[in-house]
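Written below as structure tokens is the structure these notes are about.
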Ligand SMILES: Cc1cc2nc3c(=O)[nH]c(=O)nc-3n(C[C@H](O)[C@H](O)[C@H](O)COP(=O)(O)OP(=O)(O)OC[C@H]3O[C@@H](n4cnc5c(N)ncnc54)[C@H](O)[C@@H]3O)c2cc1C
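Numbering (my numbering), first residue to last: 461 to 859.
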């Protein structure tokens, strides 16, 4: 076997988490920039940061955590010192090219992660400025590309993904990024980690070693399935881009989260009869809708559709699909509610029930314990326990 290619650090996953790390480790380091807003609002932190020499990566994060401030909170405050973006001058950091680390980013899609695949017209849940990287504010991107973007507003997928795609060239890190390459295995090695990967198209195999590994694969490595008979029949899909991909009249959407809500609304507004099957109760779903309807236009829309009692939007709460059967030109869905079985004929089924991170790539390490993390509405992600000052795994050093 040829000697694996060695890098000091390897990042797996080029989404909004992994991509900016490639830029920062590639040399673009943050330095504290004094602003009146930050100084007046966070005087103590200002005094602390003013005493830091050189890059903010040299801050004693352990002491900072002891003082009750997590690194993520510190950088968030510097990046977004006020609730709305007013001008580039208010960002409390400047990024300067400094020492570069030998870093490689490996990702199976284009950079930008899951945003490459969300529905074409879908807006973010957060304002555009919350989706940007501090070293390249969206406002600067808009200036440079002569775009009209309100960064305090939601941003649609197309604009966001264009922004992410601009980053490698803009920060001259293209040579440090391998797209279209999937990592299959991570093992212990004398030098740290041994990584085996494969080109998605040509299936050419590669192997690397690295001292530090950043595992930024996101939460959609393995799409969840219902585990019921017939789930792989051709009228069922777990990808929604556009209502035009769904000819016919009747679509059944299984889900209950934001992706399923978006698809159900868009299909309804395109004239389809939508059957929306959810395990959750109406109260649970309605809590998300009413909390979101005043900030997010598509939640205002779903609230309107449900309140208007549209005959083409049929919600099935507390309901579980139990099987799918093939019919000529469509399918039959069997579902259960209150121990009562029912059936419906449909043209398409959309399974939008989320995904999970894949930790099964790690072989030969101690078992990774996983913590469940919930938001106000539901289970969100499995997280690895990490040191609070460094986000390094407490189980596997240098991960
Ligand atoms: C519909 C939707 C809307 C959302 N809206 C918002 C929002 O408005 N605001 C917000 O903050 N968050 C939002 N999120 C959360 C979203 O998860 C984050 O915005 C962000 O995409 C997470 O970034 P990430 O880099 O962790 O993961 P991802 O974006 O998932 O990127 C991970 C990348 O790693 C790649 N990868 C995975 N496994 C491997 C492997 N073995 N080898 C190589 N590459 C691999 C993946 O293919 C992917 O390209 C939304 C999520 C969804 C699904």
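For each residue, glycine too, the CB sits at the ideal point set by N, CA and C.
| Query | Result |
| --- | --- |
| Between the CA atoms of residue 670 and residue 470 - distance to the nearest angstrom | 6 angstroms |
| Span of the alpha helix (DSSP H) around residue 536 | 531-539 |
| Own chain, CB closer than 6 angstroms to residue 624, minus 5 neighbours either side, in chain order | 571, 572 |
| For residue 724, the three-state DSSP class (helix, strand or coil) | helix |
| Residue 723: CB within 7 angstroms of a non-hydrogen atom of ligand 1 | no |
| Inter-residue Cα distance where the pair is residue 807 and residue 599 | 43 angstroms |
| According to DSSP, residues forming a beta bridge with residue 670 | 467, 653 |
| Entirely enclosed beta strand (DSSP E) segments - the segment 696-721, minimum 3 residues | 710-715 |
| Exposed unless 16 or more other CB atoms sit within 10 angstroms - verdict on residue 534 | buried |
| DSSP-derived helix/strand/coil call for residue 832 | strand |
| Residue of 505, 729, 547, 520 minimising C-alpha distance to residue 537 | 505 |
| Under 8 angstroms between C-beta atoms of residue 813 and residue 714 | yes |
| Given residue 639 as reference, the closest of 651, 656, 474, 515 once Cα atoms are compared | 474 |
| Any non-hydrogen atom of ligand 1 within 7 angstroms of residue 681 CB | yes |
| Entirely enclosed alpha helix (DSSP H) segments - the segment 523-590, minimum 4 residues | 531-539 |
| Test item: CB-CB of residue 589 and residue 611 under 8 angstroms | yes |
| Three-state secondary structure (DSSP) of residue 744 | helix |
| Beta bridge counterpart(s) of residue 801 as assigned by DSSP | 796 |
| Contact test: residue 738 Cβ vs ligand 1 heavy atom, cutoff 7 angstroms | no |
| heavy atom of ligand 1 below 7 angstroms from residue 569 C-beta | yes |
| Residue 675 and residue 859 closer than 8 angstroms at C-beta | yes |
| Pairwise C-alpha distance: residue 816 and residue 679 | 5 angstroms |
| Residue interval of the alpha helix (DSSP H) (run including residue 511) | Taken as a continuous stretch (DSSP letters only), residue 511 belongs to no alpha helix (DSSP H), as it is neither H nor E. |
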